[in-house]
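*Asks:*
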Amino acid sequence: MEVSFHEEIEALKLGAGETFHGEGILAVTKALLQSGVTYVGGYQGSPISHLLDVMVQARPYLNELGVHVEACTNESSAAAMLAASIMYPVRGAVTWKSVVGTNVASDALSNLASPGVMGGALIVVGEDYGEGASVIQERTHAFALKSALWLMDPRPNLPTIVRMVEHAFELSEASNTPVMMELRIRTCHVRGSFEAKDNQAPSISSVHLQQEPSAFSYDQLAHPPATFRHEKLKYDVRMPAARHYIETAGLNELFEGPLTQVGLVVQGGLYNTLIRSLQQLGLADAQGQTEIPILALNVVYPLVPNQLLKFFEGKKAVLVLEEGQPEFIEQEIATHLQRAGCRTQLAGKSHFIMGGEYNAEVMIKGLTRFMTEHAPEVSVQAGHDYEKVLTTTRQSALTEFAGAVPARPPNFCTGCPERPVFAALKLVERQVGALHISADIGCHSFATFEPFSFGNSILGYGMSMASSAAVKNFSAKRPVAIMGDGGFWHNGLLSGVSSTLLNQGDGVLVIMKNGYTSATGTQETVSTPLSEAKRVAEGSSATVGEMTIENTLQGMGVQWLRTVHNYHVADVRDTLYEAITSPFKGLKVVVAEGECQLERQRRLKPIRAKRLQQGLRTVRTRYGVDEDTCTGDHSCIRLSGCPTLTIKESSDPLKTAPVAHVTDGCVGCGLCGEVTDAAVLCPSFYKIEIISHPSWWDRLCEQVNRWVIQRLQAA
Ligand code: SF4
Ligand code: SF4
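Following this line, the structure appears as structure tokens:
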């Protein structure tokens with residue numbers, strides 16, 4: 006990874022008396038160190054990648070503290086790390102993107118939750134839900150409920166977030182239970198400040214070694230008959246202990262207000278949006294002073310019945326603001342109220358949408374309805390006005406911009422090495438007809454959008470090969486599974502390749518070998534090549550980074566294996582065609598090699614800038630379209646999809662169609678030239694080399710070129 010987190014690492018070193026400024030996710034990272042963690046692990050993914058990325062780069066500092074950091078190969082291995090806290094009094098934290106990562110980790114999580122923990126164990130999950138989400142819309146809450154893991158959802162406010170992280174370890178130790186902390190997208194990215202404390206060096210660590218392994222205790226194994234006892238402990242001992250801690254430590258927050266006939270119970274993570282919505286209704290101010298009493302649940306599981314009943318006492322009605330489906334919290338509250346014979350009316354999903362984000366619009370509408378029904382003496386005219394303005398604005402925007410604003414789906418970066426492979430696949434389809442494509446998670450999933458529109462299924466990270474296992478047996482044409490190198494090491498090697506080999510499957514797998522898990526922020530994989538400079542800087546052994554996908558596949562017995570250079574589109578096309586039509590029965594793997602352009606540019610830009618500063622010869626490559634020969638049929642655009650390859654009005658008055666045009670964003674990857682060649686399109690593309698600080702030879706060549714061109718033009 007070429008991004009430097011120098012500033013963030015400095016922020017991690019702050020001590021007592023200093024003020025931390027920054028994002029919520031970095032505040033969590035700092036709070037882990039203040040809590041004396043012995044180990045941290047995880048698998049990257051939005052919105053928590055920053056936590057692990059910063060920790061990995063901060064290794065030299067963490068080594069001084071004795072904190073071990075592990076960049077795990079998947080969430081399952083991260084969850085399994087927490088086993089260290091079962092039998093040792095050490096604190097540990099792991100992180101991943103949820104709900105997908107929690108799905109992957111769930112086997113280890115169940116086996117961790119059953120025996121419980123001695124040292125505090127914290128699982129920080131990025132709750133990727135709502136408008137900015139990139140995964141299936143489900144809730145981590147379900148996992149907490151089924152395994153009896155406590156779930157925190159902190160109010161997006163840095164001092165609160167830090168306090169919750171510190172309490173999470175205490176809660177975990179007080180109840181012998183791992184704690185999950187769901188960090189919503191907005192919580193991760195909220196900015197603020199808090200008064201830092203000194204980081205705590207753990208008492209058992211890579212600096213202070215544990216001299217003996219823990220004593221054998223069958224009771225701590227997730228294995229019958231111990232598991233029967235664990236189930237009883239979870240609900241008879243650990244949960245009451247957790248409820249006691251949550252109540253006495255004041256983890257949930259009560260915000261008093263004068264309208265005591267009603268109340269609001271809100272997931273902590275939604276608190277900021279709630280205050281903003283109340284402000285729109287004139288029922289709160291910008292400082293959070295509310296008219297309606299609010300119980301903000303920084304711990305959403307387990308709920309504390311006593312605390313809830315106290316809040317409900319004497320109220321006519323209470324509204325629960327719980328995002329997503331199903332309404333776990335509302336159902337549990339209803340059960341507690343029913344058991345206690347409480348007569349306060351409970352409202353919740355009846356006033357809100359079942360699925361989707363609770364943004365200000367959703368909240369204002371729900372709050373307006375609730376107040377109209379249960380506190381008609383309080384004016385919520387502002388809410389009705391808001392709805393009217395919103396409807397009018399929407400309608401006028403639809404009329405004004407209808408059809409004028411095109412959809413802008415996400416796309417590959419300019420010069421992405423994965424784009425040529427899909428261009429080649431399009432050319433193959435011209436030869437063999439439409440193919441079943443098993444898509445996967447990663448940058449290559451952008452090929453599901455136009456101009457490629459490839460992908461018949463996406464079943465999870467590294468699951469493309471496995472998801473074509475049945476299809477290939479009833480399809481006349483071989484389906485093609487696409488996977489990135491990130492997905493290959495995360496899961497694809499076992500669930501796809503190994504399974505296909507075991508079943509002697511006749512499939513085609515294309516592995517995009519771009520060197521990184523690019524979609525999550527270009528983190529390194531076991532096969533990421535190390536530059537010599539990095540090798541020296543990191544003191545790595547020569548073997549690191551030399552494990553290749555090809556070596557691994559050969560070692561597993563894959564007999565049909567080809568490596569292609571992505572930008573050689575004709576070669577890629579021919580190799581894919583061969584894989585799809587070959588008489589060879591068995592797994593056929595095409596490794597499509599080309600470095601992630603984003604990382605390549607990050608790597609090259611400083612080198613180029615330095616050379617320019619030193620006055621050294623520097624060459625930049627760009628492509629262009631000769632407007633005179635471009636016919637304006639735009640086949641090149643439909644085949645490459647490069648965002649810098651666009652159209653412009655022709656300066657020739659006889660040409661009515663716009664011509665193709667390359668903008669300044671071109672990085673000179675060469676795809677457009679290659680694709681026109683492979684698809685036998687037209688000779689319009691030309692390559693330019695822009696030379697800074699040219700040599701005498703460059704100048705001489707340039708003069709000769711000019712002279713020849715002038716002579717030819719004169720002739
Ligand atoms: S991050 Fe890298 S692999 Fe992903 S789209 Fe951009 S260039 Fe392609
Ligand atoms: S215009 Fe052509 S050479 Fe330039 S980045 Fe796009 S595909 Fe690559």
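Using this note's numbering, read the sequence shown as starting at 6 and increasing by one per residue.
Ideal Cβ placement from N, Cα and C applies to all residues, glycine included.
#1: Report yes if the CB atom of Pro207 is closer than 8 Å to the CB atom of Val42, and no otherwise.
#2: Return the Cβ separation of Lys321 and Thr295 in integer angstroms, given the expectation that the two are a contact with Cβ distance under 8 Å.
#3: Would you kindly work out how many angstroms separate the C-alpha atoms of Trp702 and Thr78, rounded to a whole number?
#4: Using the Cα positions of Thr165 and Ala89, report the straight-line distance between them to the nearest angstrom.
#5: For the structure I just gave you, are there three or more beta carbon pairs, one from the stretch 431-451 and one from the stretch 489-503, closer than 8 Å?
#6: Please say whether Ala113 and Ala85 have beta carbons closer to each other than 8 Å?
#7: The beta strand (DSSP E) spanning Glu258 covers which residue range?
#8: I believe Gln602 touches Gly420 by the beta-carbon criterion, under 8 Å. Please report the beta-carbon distance rounded to the nearest angstrom.
#9: As a quick exercise: from Gly560, Val596, Leu558, Gln564, pick the residue whose alpha carbon is nearest that of Asp576.
#10: To the nearest angstrom, how far is it from the Cα of Gly329 to the Cα of Ala254?
#11: Can you tell me which residues form a DSSP beta bridge with His570?
#12: Note down the Cα distance separating His235 from Gly319, rounded to an integer number of angstroms.
#13: Output the boundary residues of the alpha helix (DSSP H) element that contains Val55.
#14: Out of curiosity, what's the CA-to-CA distance linking Pro331 and Lys354?
#15: Rounded to a whole number of angstroms, what is the C-alpha to C-alpha distance between Thr397 and His389?
#16: I need the straight-line Cα distance from Val8 to Leu609, nearest angstrom please.
#17: Measuring alpha carbon to alpha carbon, tell me which of Lys35, Val667, Pro218 ends up nearest Leu650.
#18: Could you spell out where the beta strand (DSSP E) holding Trp155 opens and where it closes?
#19: Contact between the stretch 699-714 and the stretch 651-665 is defined here as three or more beta-carbon pairs at a separation below 8 Å; is this criterion met?
#20: Given the structure, does Gly675 come close to ligand 2, in the sense that its CB is under 7 Å from one of the ligand's heavy atoms?
#21: Would you check whether ligand 1 has a heavy atom nearer than 7 Å to the C-beta of Phe417?
#22: Return yes when at least one heavy atom of ligand 3 lies under 7 Å from the C-beta of Thr649, else no.
#23: Whole alpha helix (DSSP H) runs in the stretch 475-523 with 4 or more residues, listed along the chain?
#24: Could you tell me if Ser480 is buried or exposed, where buried requires 16 or more neighbouring beta carbons within 10 angstroms of its beta carbon?
#25: At the level of alpha carbons, what is the spacing between Leu644 and Gly675?
#26: To the nearest angstrom, how far is it from the Cα of Phe221 to the Cα of Arg243?
#27: How is Met186 classed by DSSP in three states: helix, strand or coil?
#28: So is Ala683 buried or exposed if we call it buried at 16+ other beta carbons inside 10 Å?
#29: Can you list, in chain order, the residues of its chain with a C-beta nearer than 7 Å to that of Tyr93? Leave out the 5 residues immediately preceding and following it.
#30: Going by DSSP in three states, Tyr582 sits in which element: helix, strand or coil?
#31: Which word fits Trp712, buried or exposed, when buried means at least 16 other C-beta atoms lie within 10 angstroms of its C-beta?
#32: Looking only at its chain, what residues have a beta carbon closer than 6 Å to the beta carbon of Thr661, apart from the 5 residues adjacent to it on each side?
#33: So, using beta-carbon positions, are Ser689 and Ala720 closer together than 8 Å?
#34: When the Cα atoms are used, what is the spatial distance from Asp657 to Leu717?
#35: What do you get for Lys518, buried or exposed, if any count of 16 or more other CB atoms within 10 angstroms of its CB means buried?
#36: Within 8 Å (strictly less), CB to CB, does Val685 reach chain D?
*Replies:* So, from the listed chains and residues:
#1: Cβ atoms of Pro207 and Val42: closer than 8 Å.
#2: Actually they are not in contact, since the Cβ atoms of Lys321 and Thr295 sit about 17 Å apart, beyond 8 Å.
#3: Note on geometry: alpha-carbon atoms of Trp702 and Thr78 lie some 50 Å from one another.
#4: Cα to Cα, the separation comes out at about 28 Å.
#5: The answer is yes - the stretch 489-503 touches the stretch 431-451, with three or more Cβ pairs under 8 Å.
#6: Contact flag set, yes.
#7: Secondary structure note for Glu258: its beta strand (DSSP E) is the uninterrupted segment 258-260.
#8: 4 Å between Cβ atoms; contact.
#9: The shortest C-alpha separation from Asp576 is found at Val596.
#10: Distance between the alpha carbons of Gly329 and Ala254: 28 Å.
#11: When beta bridges are read from the DSSP output, His570 appears opposite Glu598.
#12: Straight-line measurement puts the Cα of Gly319 at about 39 Å from the Cα of His235.
#13: The identity of residue 55 in the sequence shown is His, whereas the question assumes Val. It spans 54-62 - the alpha helix (DSSP H) in which His55 sits, taken as one unbroken run.
#14: One Cα belongs to Pro331, the other to Lys354, and the distance between them is close to 9 Å.
#15: If you draw a straight line from the Cα of Thr397 to the Cα of His389, it comes to about 13 Å.
#16: One C-alpha to the other measures close to 12 Å.
#17: Considering only Lys35, Val667, Pro218, the residue with the shortest C-alpha distance to Leu650 is Val667.
#18: Where Trp155 is concerned, the enclosing beta strand (DSSP E) starts and stops at 155-157.
#19: By the criterion of at least three beta-carbon pairs nearer than 8 Å, the stretch 699-714 is not in contact with the stretch 651-665.
#20: Taking 7 Å as the cut-off, the C-beta of Gly675 counts as close to a heavy atom of ligand 2.
#21: For Phe417, the CB falls within less than 7 Å of some heavy atom of ligand 1.
#22: Of the ligands this structure carries, namely ligand 1 and ligand 2, none is ligand 3.
#23: With a minimum length of 4 residues, the continuous alpha helix (DSSP H) runs that stay inside the stretch 475-523 are 504-507.
#24: Ser480 is exposed by the Cβ-count criterion.
#25: Each residue's CA atom was taken as its position, placing Leu644 and Gly675 some 13 Å apart.
#26: Cα-Cα distance, rounded: 22 Å.
#27: Under the three-state reduction of DSSP, Met186 is assigned to strand.
#28: The residue in question, Ala683, is buried, as its Cβ has 16 or more Cβ neighbours within 10 Å.
#29: Closer than 7 Å at the Cβ level, and outside the excluded window around Tyr93, lie Met123, Gly124, Ile209, Gln215, Ser219.
#30: Here Tyr582 carries a helix assignment [DSSP, helix/strand/coil].
#31: Exposed.
#32: So the list is empty, once near-sequence residues are dropped.
#33: The answer is no: Cβ separation not under 8 Å.
#34: Looking at the two C-alpha atoms, the distance is approximately 23 Å.
#35: Lys518 comes out buried.
#36: The structure shown contains no chain D; it is built from a single protein chain.
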